[in-house]
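Going line by line, the protein sequences match chains A, B, C and D.
Under my numbering, the first residue of the first sequence is numbered 166, with each subsequent residue one higher.
Under my numbering, the first residue of the second sequence is numbered 166, with each subsequent residue one higher.
Under my numbering, the first residue of the third sequence is numbered 166, with each subsequent residue one higher.
Under my numbering, the first residue of the fourth sequence is numbered 166, with each subsequent residue one higher.
Built from N, CA and C at the ideal position, the CB exists for glycine as well.
Number of protein chains: 4
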Amino acid sequence: MSHNTFGHLFRLTTWGESHGPAIGCVIDGCPPGIPLTEEDIQPWLDRRRPGQSRYTTQRQEADQVRIMSGVFAGDDGVRLTTGTPIALQIENVDQRSKDYGEIKDKFRPGHADYTYLAKYGIRDYRGGGRSSARETAMRVAAGAVARKVLAGMTIRGALVQLGPHEIDRGNWDWDEVDRNPFFAPDAEAAARWADYLDGVRKAGSSAGAVIEIVAEGVPPGLGAPLYGKLDQDIAAAFMSINAVKGVEIGAGFAAAALSGEENADEMRMRPDGTPEFLSNKAGGVLGGLSTGQPIVARFAVKPTSSILKPRQTVDATGQETEIVTKGRHDPCVGIRAVPVGEAMMALVLADHLLRHRAQCGGT
Amino acid sequence: MSHNTFGHLFRLTTWGESHGPAIGCVIDGCPPGIPLTEEDIQPWLDRRRPGQSRYTTQRQEADQVRIMSGVFAGDDGVRLTTGTPIALQIENVDQRSKDYGEIKDKFRPGHADYTYLAKYGIRDYRGGGRSSARETAMRVAAGAVARKVLAGMTIRGALVQLGPHEIDRGNWDWDEVDRNPFFAPDAEAAARWADYLDGVRKAGSSAGAVIEIVAEGVPPGLGAPLYGKLDQDIAAAFMSINAVKGVEIGAGFAAAALSGEENADEMRMRPDGTPEFLSNKAGGVLGGLSTGQPIVARFAVKPTSSILKPRQTVDATGQETEIVTKGRHDPCVGIRAVPVGEAMMALVLADHLLRHRAQCGGT
Amino acid sequence: MSHNTFGHLFRLTTWGESHGPAIGCVIDGCPPGIPLTEEDIQPWLDRRRPGQSRYTTQRQEADQVRIMSGVFAGDDGVRLTTGTPIALQIENVDQRSKDYGEIKDKFRPGHADYTYLAKYGIRDYRGGGRSSARETAMRVAAGAVARKVLAGMTIRGALVQLGPHEIDRGNWDWDEVDRNPFFAPDAEAAARWADYLDGVRKAGSSAGAVIEIVAEGVPPGLGAPLYGKLDQDIAAAFMSINAVKGVEIGAGFAAAALSGEENADEMRMRPDGTPEFLSNKAGGVLGGLSTGQPIVARFAVKPTSSILKPRQTVDATGQETEIVTKGRHDPCVGIRAVPVGEAMMALVLADHLLRHRAQCGGT
Amino acid sequence: MSHNTFGHLFRLTTWGESHGPAIGCVIDGCPPGIPLTEEDIQPWLDRRRPGQSRYTTQRQEADQVRIMSGVFAGDDGVRLTTGTPIALQIENVDQRSKDYGEIKDKFRPGHADYTYLAKYGIRDYRGGGRSSARETAMRVAAGAVARKVLAGMTIRGALVQLGPHEIDRGNWDWDEVDRNPFFAPDAEAAARWADYLDGVRKAGSSAGAVIEIVAEGVPPGLGAPLYGKLDQDIAAAFMSINAVKGVEIGAGFAAAALSGEENADEMRMRPDGTPEFLSNKAGGVLGGLSTGQPIVARFAVKPTSSILKPRQTVDATGQETEIVTKGRHDPCVGIRAVPVGEAMMALVLADHLLRHRAQCGGT
């Protein structure tokens with residue numbers, strides 16, 4: 166059983182709080198012989214790093230990852246995984262504990278302050294402690310290692326809705342994703358969102374978002390019925406990300422309104438003699454097993470709960486009060502959730518690839 | 166690791182195929198000393214049982230459950246759980262293997278036929294084999310046992326959308342749920358749905374649905390950050406149900422379009438000195454931990470894939486073909502998913518109640 | 166976490182009590198495509214079955230196993246595993262509940278009566294309930310399935326000590342094991358043991374034993390440091406068998422008295438260019454990983470606690486009393502532990518074979 | 166599933182190699198609100214630390230532990246556990262990589278060199294890499310945290326055999342254990358062992374040992390039949406320690422030679438109205454559950470494999486060769502295994518205490 170571990174055979178265990186000396190993780194079960202250095206991990210962390218535009222928090226977190234164990238360089242100097250636990254670590258550097266003094270006793274609406282205290286009888290209020298989204302840095306780092314296990318698979322994510330504004334899917338261009346500060350695959354949407362989010366920010370408010378993650382090159386048959394279904398684990402993976410309130414795969418909630426014939430993907434043969442699906446309402450998963458089509462899943466992120474507008478709340482002594490959450494917060498935490506969602510998809514797929522090998526071999 | 170086990174401390178392992186001699190489950194970790202007989206379980210199975218209206222399959226499955234182990238009657242004759250594994254079993258009686266002869270080699274669109282074969286190189290095509298929704302009977306049976314562990318908690322479900330038609334939430338009446346064949350909490354919606362689904366059925370088509378599950382009386386603090394979050398496990402539980410394509414909690418996907426101040430639930434004190442939330446956009450979970458408010462979660466079920474309309478597909482030998490899925494199928498599998506969703510919520514809560522006791526005591 | 170589950174990827178979950186309607190198990194994670202019928206399992210159960218000589222209990226348990234799920238016959242009629250859970254079941258037939266009436270309230274010395282009551286507040290006293298060695302039938306059945314996964318490996322067991330009397334290792338003959346009622350590899354020892362155990366039985370007493378299990382054909386590299394060591398799992402497997410009080414591998418406890426140079430197995434090259442060890446003090450495991458040599462492990466079984474000699478004890482109401490355990494008991498439960506030990510070794514190896522495949526491929 | 170994790174609810178995950186920058190661990194599941202600082206852990210590490218007598222390695226490892234996460238100081242400055250993961254870390258300081266140059270390609274007899282390479286295709290030969298006993302420092306550190314969970318329980322260990330020489334149990338004095346460099350509870354044995362081990366060391370050889378661990382104050386009922394037996398987990402815990410080849414509980418292997426009436430512990434009532442056992446052949450565990458008596462378990466450690474006497478072996482290229490293992494090695498690794506055994510017992514008991522609370526409450 167695990168509170169802080171994700172995955173079964175490719176396992177991620179994370180530790181650390183926002184304002185401790187460091188955050189870290191242990192990756193257990195990684196196959197041996199895979200080249201791995203900090204340079205394989207750092208670019209993915211840099212994508213998630215805050216402070217890169219005015220639409221994310223202005224905290225400066227260098228987020229320099231260090232591999233503490235699990236790799237070894239042979240005679241040729243190439244560092245390879247050894248099959249033993251890979252420990253990764255990032256020092257916490259830009260902590261301003263004073264920013265959080267005033268929220269020490271008040272329960273911030275939308276935050277885990279009240280529930281942590283209710284559960285544990287104690288909470289580390291500095292920067293949200295363990296519930297801080299800072300922990301997602303380790304997910305991204307571990308996801309980078311998982312990607313190295315997923316040879317031939319491509320995992321990409323994009324923001325498809327910011328606040329109430331969706332992208333135009335006709336404009337979808339993966340290359341656009343890294344050209345705007347929103348990970349938007351639609352340049353026009355990105356332009357509109359910039360205006361919209363400026364307004365939100367100036368109003369001291371915040372916005373939610375919907376993120377889509379697509380995994381291509383996934384062989385058919387990954388997943389394990391009935392309680393290790395691939396989409397079940399994807400749903401768990403996404404829902405474990407801070408502030409996520411909904412998860413769907415393929416047609417998702419819209420499937421409820423389709424007819425049976427609209428929804429079920431028909432099949433035909435390709436000229437090369439392999440079967441193909443004529444649509445992908447299933448989102449690449451049938452019966453909990455991958456179909457070989459792209460896996461397409463989405464998750465909804467609620468608007469940032471830390472806002473400048475005054476809110477009613479109570480404090481730990483039972484007094485009614487108001488709170489304004491100052492500090493340096495993302496006006497839309499959903500933006501930086503894109504690389505986190507990619508990482509979680511990579512972790513799920515790496516785990517299921519190993520699970521599949523164990524029982525069915527091959528692949 | 167588990168393919169066919171759900172939960173950590175209150176653990177459900179299921180076995181059995183649609184057309185084997187029986188289906189069954191093992192419940193491990195149930196606290197001792199709880200009165201338990203078949204009569205505690207059977208009513209929940211009867212709610213799920215098919216053939217009770219023209220809107221569900223006409224298969225006759227008596228679904229008589231038998232407790233095979235884990236209970237013992239003391240001198241007073243009351244059968245109590247002993248803390249050892251509770252095995253439940255239901256014999257399969259109404260099997261018509263011949264119904265499935267024609268789909269032996271063809272991949273039914275929307276079904277797991279292709280993916281099971283891709284994964285395992287073999288598939289039990291009779292009635293869907295292991296991927297048959299018949300397995301959900303054991304979930305409902307186990308959920309009945311879980312409910313007995315959840316003293317003081319109430320778990321109820323309702324159909325809130327059938328095909329494209331939603332209920333009117335102003336009409337919500339829990340008592341109505343068991344008065345109509347749709348588990349609809351809105352009598353007017355039920356009447357409209359009857360007409361709609363008659364049309365769907367006559368057209369040889371099928372419809373999807375959205376189910377809402379509400380758990381009341383859940384104490385604050387259940388759940389385990391960061392990878393044992395209560396909502397993460399609810400999402401996994403729902404997504405593990407056959408044909409589910411989306412899961413959300415509280416405001417869910419709609420949260421993405423709210424502003425921060427609309428979304429985050431404010432707090433005040435009740436006259437009795439306990440804190441209360443002024444809304445429940447969170448759906449009863451913050452930071453992965455229960456808030457003490459009702460837990461409100463929804464899942465979307467795709468339209469039944471077995472329909473009478475002819476569909477294009479291929480067969481195991483790579484030939485293109487057409488298929489019409491005869492047999493006795495639910496025009497909307499979402500209806501009977503209501504008791505299954507309740508059961509999964511009960512299983513998640515029982516598991517987390519025990520997990521909470523282990524680390525934090527009390528409750 | 167598991168109370169009643171053994172293994173990780175090749176997982177056994179057992180259920181059932183001595184005097185319930187049946188005992189059973191679920192095997193999850195078995196690779197697909199393996200031919201499996203009851204005939205593959207029954208012979209192993211027959212070896213363990215009681216009542217075959219005067220040295221084991223005279224209870225008549227037919228122990229007819231039935232495969233309830235997880236296999237499917239293709240067009241050629243050969244039943245193959247499908248990769249889904251394999252449920253096995255044995256009906257309990259020869260129960261004499263009245264035999265146990267007098268021990269309903271008394272704690273039998275050496276039995277789990279007191280501890281079950283202390284833990285659960287309730288105990289099924291009929292035949293030992295869940296703590297009955299009857300459960301080991303399911304281990305043997307599951308072990309038979311595990312053997313089918315271990316192509317090329319041979320797992321055999323033998324009794325090497327009965328009471329204080331050891332075999333002469335110079336007489337070791339595997340063929341002898343199935344020729345005497347003790348699973349002794351030494352015909353002379355078997356003859357002496359017959360006399361000895363007759364005396365023990367007539368005296369209303371009982372005897373302990375030491376069992377040795379040898380696995381040959383195990384490829385090097387199975388096991389997983391540091392907490393999934395092969396010998397760690399073998400130790401856990403053996404210690405989980407009823408009445409086992411000690412476990413050792415290779416030189417075992419005797420290793421403590423050896424010098425470093427006596428103990429560490431030297432290596433040389435075989436003419437065929439493969440490395441060989443010049444001795445096997447390690448018992449086939451170094452650093453928790455198999456060496457490719459035979460795995461040799463032993464476990465000690467305490468003398469049967471149910472004896473005819475009167476013993477002092479107390480009852481559930483706190484009264485001091487005496488007890489004589491009538492009924493049909495093995496004078497040496499260690500004898501029938503031989504096939505159980507073999508089965509547990511097979512389960513550990515099957516689990517580790519799949520674990521190895523997951524991380525390292527091949528094999 | 167876990168390669169590098171021990172325990173279920175009180176979980177230890179370790180990482181790190183002998184010659185990496187650090188070793189560390191994550192403890193997950195620790196109850197909140199427990200005072201914890203480095204000062205609670207360091208004394209136990211100091212007991213295990215090498216270089217304190219001429220009978221242990223002369224490596225100088227300061228082994229200063231640092232708590233990286235999971236504790237938080239409230240207003241009174243007392244650092245308490247928060248219920249979130251506790252990460253501990255020790256920097257590696259005294260590494261002499263050159264010591265290991267010559268064994269880079271040769272397989273040291275009795276070591277895991279060959280098996281790691283066979284499994285992973287790569288091995289970190291520096292100081293044994295992951296298979297180094299250095300990892301046991303994290304077990305001791307985690308054991309110190311576990312002890313804080315085990316209020317009212319006392320866990321102590323002692324060396325009861327060194328090489329072929331046992332202690333005289335009539336001399337047993339727990340106070341003596343910390344007065345001699347062998348953790349011997351018998352001053353006379355310690356004196357004899359000093360001479361014996363000097364001789365072994367001068368001869369360039371090494372010695373094995375047997376360690377006994379005793380846990381007192383354990384309430385009855387801890388453990389979980391049938392595959393989470395307390396003695397099963399103790400056996401696994403001890404067997405996971407480097408160089409351990411045998412484990413036994415209570416009478417252990419000697420039980421095989423006892424008669425049923427000698428072995429089964431009789432019961433009587435104490436004057437205070439609580440039951441007592443008249444002996445402890447069971448070693449405090451019956452049916453996998455604690456009896457309330459002291460838990461008494463032993464494990465055998467093989468002689469150090471790194472010795473100065475030349476040994477035959479082969480190298481990674483298949484050449485036959487000789488090896489002399491220089492460097493700074495313990496002549497008897499069993500001595501420093503005493504605090505490690507205590508730690509493992511503490512980890513098992515903490516895990517089972519939480520497991521018991523989950524299912525049965527109380528305690």
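Asked                                                                                                                                                                   : Found
Compare the C-beta of Leu174/A against all C-beta atoms of chain C and say whether one is closer than 8 angstroms.                                                      : yes
Checking the sheet assignment: what are the DSSP bridge partners for Trp180/A?                                                                                          : Gly189/A
Just checking: is the beta-carbon of Trp358/B within a distance shorter than 8 angstroms of some beta-carbon in chain C?                                                : no
Looking at the unbroken alpha helix (DSSP H) that takes in Val305/A, where does it start and where does it end?                                                         : 301-314
Report yes or no: is there a C-beta of chain A within less than 8 angstroms of the C-beta of Gln397/C?                                                                  : no
Any idea if Ser218/A is buried or exposed, counting beta-carbon neighbours within 10 angstroms, 16 or more meaning buried?                                              : exposed
Going along the chain, which residues of its own chain have a beta-carbon closer than 6 angstroms to the beta-carbon of Gly248/C, five neighbours each way excluded?    : Pro197
Short of 7 angstroms in beta carbon distance, which residues of its chain neighbour Thr486/B, apart from the five on each side in sequence? Order them along the chain. : Lys271, Thr478, Val479, Asp480
Pull up the distance between the alpha-carbon of Gly294/D and that of Asn257/D, whole angstroms please.                                                                 : 12 angstroms
Do you know offhand how far Thr280/D's Cα is from Gly393/C's?                                                                                                           : 14 angstroms
Along the alpha helix (DSSP H) that carries Ile500/D, what are the first and last residues, could you check?                                                            : 498-525
Just reading off the alpha helix (DSSP H) that Pro440/D is part of, what are its end residues?                                                                          : It is not in any alpha helix (DSSP H) - Pro440/D instead sits in the beta strand (DSSP E) that spans 440-442.
With the cut-off set at 8 angstroms, would you say Gly369/B and Ile472/B are in Cβ contact?                                                                             : yes
Apart from the five residues on each side of it in sequence, which residues of its chain come closer than 6 angstroms, Cβ to Cβ, to Leu387/B?                           : Leu395, Ser455, His517, His521
Give a yes or no on whether the minimum CB-CB distance between Glu267/B and chain C is below 8 angstroms.                                                               : no
Mind pulling the chain C residues with CB within less than 8 angstroms of Cys525/A?                                                                                     : Pro196, Pro197, Gly248
I'd like the span of the alpha helix (DSSP H) that includes Ile472/D, first residue to last.                                                                            : From DSSP, Ile472/D is part of no alpha helix (DSSP H); its letter is neither H nor E.
Counting pairs of Cβ atoms below 8 angstroms between the stretch 499-506 of chain D and the stretch 443-458 of chain C, do you hit three or more?                       : no
Report the residue from Gly506/C, Phe418/C, Val489/C whose alpha carbon sits nearest the alpha carbon of Pro468/D.                                                      : Phe418/C
In chain order, what residues of the stretch 423-437 of chain A put their CB closer than 7 angstroms to some CB of chain B?                                             : Leu423, Ser424, Gly425, Glu426, Asn428, Ala429, Asp430, Glu431, Met432, Arg433, Met434
Would Asn529/C and Gly275/D qualify as a contact pair, given that the criterion is a beta-carbon distance under 8 angstroms?                                            : The structure shown does not extend to residue 529/C, since chain C is modelled only from 166 to 528, so the question has no answer here.
Here's the rule I'm using: 16 or more other beta-carbon atoms within 10 Å means buried, otherwise exposed. How should Pro319/A be labelled?                             : The amino acid occupying residue 319/A in the given sequence is Thr; Pro does not appear at that position. Looking at its Cβ environment, which holds fewer than 16 other Cβ atoms inside 10 Å, Thr319/A is exposed.
Nearest-angstrom Cα distance between Gly172/D and Asp228/D?                                                                                                             : 24 angstroms
Indicate the three-state DSSP secondary structure (helix, strand or coil) for Pro208/B in the structure shown.                                                          : helix
Can you tell me whether Trp569/D is buried or exposed? The criterion is at least 16 other CB atoms within 10 Å of its CB, across all chains shown.                      : There is no way to answer for residue 569/D, as the model of chain D reaches only from 166 to 528.
How about Phe348/A and Gly322/A: do their beta carbons lie closer than 8 angstroms?                                                                                     : yes
Which runs of the alpha helix (DSSP H), 4 residues or longer, sit entirely within the stretch 243-286 of chain D?                                                       : 278-285
With distances taken Cα to Cα, identify the nearest neighbour of Ala238/B among Arg214/B, Pro208/B, Thr202/B, Leu210/B.                                                 : Thr202/B
How would you label Thr178/D, buried or exposed, when you count the other beta carbons within 10 angstroms and need 16 or more for buried?                              : buried
Output the boundary residues of the beta strand (DSSP E) element that contains Arg288/A.                                                                                : Unbroken run through Arg288/A: none, as it is neither H nor E.
Taking Lys367/A as part of the alpha helix (DSSP H), name the residues at either end of that continuous run.                                                            : 352-367
For the 8 angstroms Cβ check, are there 3 or more pairs between the stretch 304-316 of chain C and the stretch 503-512 of chain C?                                      : yes
Could you name the residues of chain D that Met510/C contacts, counting a contact when the two beta carbons are closer than 9 angstroms?                                : Simply none; closest approach about 14 angstroms.
What does the alpha-carbon distance come out to for the pair Glu377/C and Ala421/D?                                                                                     : 13 angstroms
Rounded to whole angstroms, what is the Cα-Cα separation between Ala187/D and Met233/A?                                                                                 : 7 angstroms
Look at the alpha carbon of Thr221/B and the alpha carbon of Val375/B, and state the distance between them as a whole number of angstroms.                              : 16 angstroms
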